[in-house]
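Numbering (full-length UniProt numbering), first residue to last: 1 to 335. Note that beta-carbon positions come from the ideal geometry of N, C-alpha and C, so glycine has one too.
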Amino acid sequence: MKLKQVQLGNQGLIIPNIGLGCMGMTGFGDAHMYGPADEQEAIATIHRSLELGGNFLDTADLYGPFKNEQLIAKAIEGNRDQFIIATKFGWEINDNNELTWKINGSKNYVKKSIERSLKNLKTDYIDLYYMHRLDKNVPVEETVGAMSDLVKEGKIGYIGLSEVSSETVRKAHAVHSISAVQSEYSLFERTVEEKGVIKTLNELGIGFVAYSPLGRGFLSGNIKTIDDLPENDFRRGIPRFQEQHFHKNIELVEAIEKMAKEKGITSSQLALAWIISKGIIPIPGTKRRKYLEQNIEAANIELSDSEIQQLESIVPLGTDTGATYDEFGMGLLDY
Ligand SMILES: NC(=O)c1ccc[n+]([C@@H]2O[C@H](COP(=O)([O-])OP(=O)(O)OC[C@H]3O[C@@H](n4cnc5c(N)ncnc54)[C@H](OP(=O)(O)O)[C@@H]3O)[C@@H](O)[C@H]2O)c1
């Protein structure tokens, strides 16, 4: 099986049509995002991904903080050039490696962040560098101006933004060509489509990367009750997984599972194939080879127009599946 290669944006970045989200491979401080991680299996998952052509890895300095980039450094050791590494900065991390819970998009912070990420990833360049969140107190032109300097210095290849509005994308793109925008997108979360961001990206020739393409695991069908989530799981704090939305969402998942079964695939594969059918790059997150292999298979599943229509009639655009973050997290989005 060979993964299709696609352009991400118009600046020359070529990637496979599915990536690997690495966030869940390490914890956050003492907590876990999506249940406990096993370093050996996580590294084996990255190696297996490369074997299958899945060389586009997604991480961020925030994850850990830094532990995720350090894990990737271990996994890619001796093979760095075979991978396309995307990382992100912007959640402010102080010199004690603590998250301050602020967003920092200042020029000085960009310069500080890149040096830390290069060190943690044990590399001298990053393929795709994202501004993780817009700093609403700093003009995006300043942040992207500083990122543009990094391109000139050869420290990064391409520039990306995460969770930004069309207006911010246009301002940023006027300073330096943006190659990718990464935002949450799945059958359960289509805000960027509703707000016209995807349309703007198509107009400007910027690629779109869908994070949490499985709705943080909800669309896999493996989560049937809130108790399926470990005690300190990040998802317990998200409205989508809370009482008022959970039961309604389970019904949607069951309808998606039924359709997937009829097609002889899993609901995760159906959810990913749907994203890929739109020319969008999903970066499903997993820390185990078993899921990785299923997800990569999904990149070669074609959906007919009537299958796409059937799926979209189960979860029509505008379906309210609950907010994607708590109030604080929602306040950091640029919509
Ligand atoms: N830019 C941003 O602000 C932002 C925010 C969130 C995430 N991200 C990036 O996007 C990546 C993906 O998003 P995500 O990890 O939040 O959510 P996701 O990909 O929607 O879901 C991840 C969850 O689904 C499970 N899973 C994956 N493949 C599966 C399969 N085939 N069958 C059953 N379960 C499966 C994983 O299980 P296991 O973990 O047990 O393998 C994990 O619990 C992250 O890794 C991160 O790199 C970016």
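Worksheet item: For Lys263, is the beta carbon positioned less than 6 Å from some heavy atom of ligand 1?
Response: Here residue 263 corresponds to residue number 263 of the sequence shown, with the count starting at 1. It does not: the Cβ of Lys263 is nowhere closer than 6 Å to a heavy atom of ligand 1.
Discussion item. Run through the DSSP bridge pairs and tell me what Tyr158 is partnered with.
Written reply: On the sequence shown, residue 158 is found 158 positions in, with the first residue counted as 1. Its beta-bridge partners are Leu128.
Discussion item. So Glu141 and Lys171 are supposed to be a Cβ contact under 8 Å. How far apart are they, rounded?
Written reply: As a position in the sequence shown, residue 141 is number 141, starting the count at 1. As a position in the sequence shown, residue 171 is number 171, starting the count at 1. Sure, about 6 Å apart at Cβ, within 8 Å.
Worksheet entry | Whole-number beta carbon distance between Asn104 and Gln82, since they are thought to touch under 8 Å | Along the sequence shown, read from residue 1 onward, the residue named residue 82 stands at position 82. Along the sequence shown, read from residue 1 onward, the residue named residue 104 stands at position 104. Wrong, their Cβ atoms sit about 32 Å apart, outside the cutoff.
Worksheet item: Within the present structure, is the beta-carbon of Tyr185 separated from the nearest heavy atom of ligand 1 by less than 6 Å?
Response: What you label residue 185 is simply residue 185 of the sequence shown in a count that begins at 1. It does not: the Cβ of Tyr185 is nowhere closer than 6 Å to a heavy atom of ligand 1.
Practice prompt. Please indicate yes or no: does the CB of Asp58 lie closer than 6 Å to some heavy atom of ligand 1?
Written response: Here residue 58 is taken as the residue at index 58 of the sequence shown, counted from 1. Flag set: Cβ of Asp58 near ligand 1.
Practice prompt. Using only the heavy atoms of ligand 1, determine whether one of them is closer than 6 Å to the beta carbon of Leu52.
Written response: Residue 52 sits at position 52 when you count from the first residue of the sequence shown. Result no, Cβ not under 6 Å from ligand 1.
Worksheet item: Which word fits Glu189, buried or exposed, when buried means at least 16 other C-beta atoms lie within 10 angstroms of its C-beta?
Response: The sequence position of residue 189 within the sequence shown is 189, counting from 1. Looking at its Cβ environment, which holds 16 or more other Cβ atoms inside 10 Å, Glu189 is buried.
Worksheet entry | C-beta contact flag for Gly154 and Asp127 at 7 Å | For the purposes of this step, residue 154 is taken as the residue at position 154 of the sequence shown. For the purposes of this step, residue 127 is taken as the residue at position 127 of the sequence shown. Not in contact: Gly154 and Asp127 (Cβ atoms no closer than 7 Å).
Worksheet item: For Leu121, is the beta carbon positioned less than 6 Å from some heavy atom of ligand 3?
Response: Looking for ligand 3 in the displayed structure turns up nothing; the ligands present are ligand 1.
Worksheet item: Measuring CA to CA, which of Gly205, Lys2, Thr319, Asp233 is closest to Val253?
Response: As a first step, residue 253 must be located in the sequence shown, where it is residue number 253. If we check each option's Cα against that of Val253, Thr319 comes out closest.
Discussion item. With distance defined between alpha-carbon atoms, name the residue in Gln5, Asp58, Ile43 nearest to Met23.
Written reply: For the purposes of this step, residue 23 is taken as residue 23 along the sequence shown, with counting starting at 1. Comparing Cα-Cα distances from Met23 to each of Gln5, Asp58, Ile43, the minimum goes to Asp58.
Worksheet entry | Leu187 and Val6 closer than 7 Å at C-beta | Numbered from 1 along the sequence shown, position 187 holds the residue referred to as residue 187. Numbered from 1 along the sequence shown, position 6 holds the residue referred to as residue 6. For Leu187 and Val6, no; Cβs fall outside 7 Å.
Worksheet item: When the Cβ atoms of the region 103-118 are set against those of the region 73-92, are three or more pairs found closer than 8 Å?
Response: yes
Item to complete: Go ahead and pull the three-state DSSP assignment for His176.
Response: Stepping through the sequence shown from its first residue, residue 176 is reached at position 176. Reduced to three states, the DSSP call for His176 is coil.
Worksheet item: Hey, quick one: how far does the alpha helix (DSSP H) through Gln7 stretch, first residue to last?
Response: Position 7 of the sequence shown holds residue 7. Where Gln7 is concerned, there is no enclosing alpha helix (DSSP H), although the beta strand (DSSP E) it sits in stretches over 5-7.
Discussion item. Taking 7 Å as the limit between beta carbons, can you name the residues of its chain near Ala146, skipping five residues before and five after?
Written reply: For the purposes of this step, residue 146 is identified with residue 146 of the sequence shown, where counting begins at 1. Excluding residues within five positions, the ones whose Cβ falls inside 7 Å are Lys107, Val110, Lys111.
Worksheet item: Over what stretch of residues does the alpha helix (DSSP H) that includes Ala44 continue unbroken?
Response: If you number the sequence shown from 1, residue 44 lands on position 44. Its alpha helix (DSSP H) spans residues 39-51.
Worksheet item: Based on the DSSP secondary-structure assignment, which residues constitute the bridge partners of Asp233?
Response: As a working note, residue 233 is residue 233 in the sequence shown. In DSSP, Asp233 forms a bridge with His32.
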